[in-house]
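Working notes, beginning with the structure itself.
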Amino acid sequence: MVTISRTRWRFTWAAGSLFLIALFGVTTHQTWLTEFDRLIIGWVRQPLPRPLTRSIIWITTSGNPQSVTWITLLLAAGLVIIRRYRATLFLLFNVLIFAGLGNSLIKHLVRRPRPTVDRLVNASSYSFPSGHSITAMLLWGSIIILLSGLLRQHPLWKKSLIGLLSVWIVLIGLSRIYVGVHYPSDVVAGWTLGFVLLTLSQWFLTRHGDDLS
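Numbering (the working numbering), first residue to last: 133 to 345.
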């Protein structure tokens, strides 16, 4: 029977708590959150060589809606071809519903303006939570979960891919701070909310013992 571990649930509760704390701080204009954002922005937005800056812009662009949509559709098509219909539903629901519609709804409810700093890329809509961060968590997190099932017999490959994709999720979030379109608390909110939704969708689709892979 497929079950989600107690450790995973503990991390999920912790992530949900962090999201609610960030939401409270943003909606009530808490000073401690402003100081947190200022501290992290000062650390992340250090002058870097042009090649490295271009690489960061490329990383952040890879998380744009157009890129994510194509990646998701290609992966979904591949899953359908190999008849992994439950996995297809898992991926599409996470990316299109949770990351797409869910994130947009929260943005319009909170209506946090974006940072007033020099931006390296264009960005519209509101700031909280970071759409790129929640999408990265839900897209690449979904892939991590699916690969974990497919690579049970290959632990080295499994650990390597999980590590690489986890780093990619972090890099996309940090890139949004560096290019000046998000506060760190937006990014933390995106990661944590994405993690909670990822766990809930996995639980819902596997609650009767069915395997996503």
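Just so you know, even glycine gets a beta-carbon here, dropped at the ideal spot from N, CA and C.
Note that this is a predicted model, so its numbers are computed, not measured.
- The beta carbon of Leu337 sits closer than 8 Å to those of Arg218, Leu221, Phe222 and Leu344, all from its chain and outside the five residues before and after it, given in chain order.
- A Cβ-Cβ distance of about 5 Å is found for the pair Ile301 and Trp272, placing them in contact under the 8 Å criterion.
- If you ignore the 5 residues before and after Leu279, its C-beta comes within less than 6 Å of the C-beta of Leu293, all in its own chain and listed in chain order.
- Considering only Val212, Gln198, Val320 and Arg186, the residue with the shortest C-alpha distance to Ser265 is Val320.
- If you compare the alpha carbons of Ile172, Ser259, Gly305 and Leu241 with that of Trp190, the shortest gap goes to Gly305.
- Around the CB of Trp323, 16 or more other CB atoms lie within 10 Å, so the residue is classed as buried.
- Contact between the stretch 177 to 195 and the stretch 239 to 253 is present, with at least three C-beta pairs closer than 8 Å.
- Annotation: the continuous alpha helix (DSSP H) that includes Arg308 extends over Pro287 to Tyr310.
- Boundaries of the alpha helix (DSSP H) around Arg218: Tyr217 to Leu224.
- Using a Cβ distance threshold of 8 Å, Gly326 and Met269 count as a contacting pair.
- Within the model, the alpha-carbon separation for Leu282 versus Thr139 is close to 21 Å.
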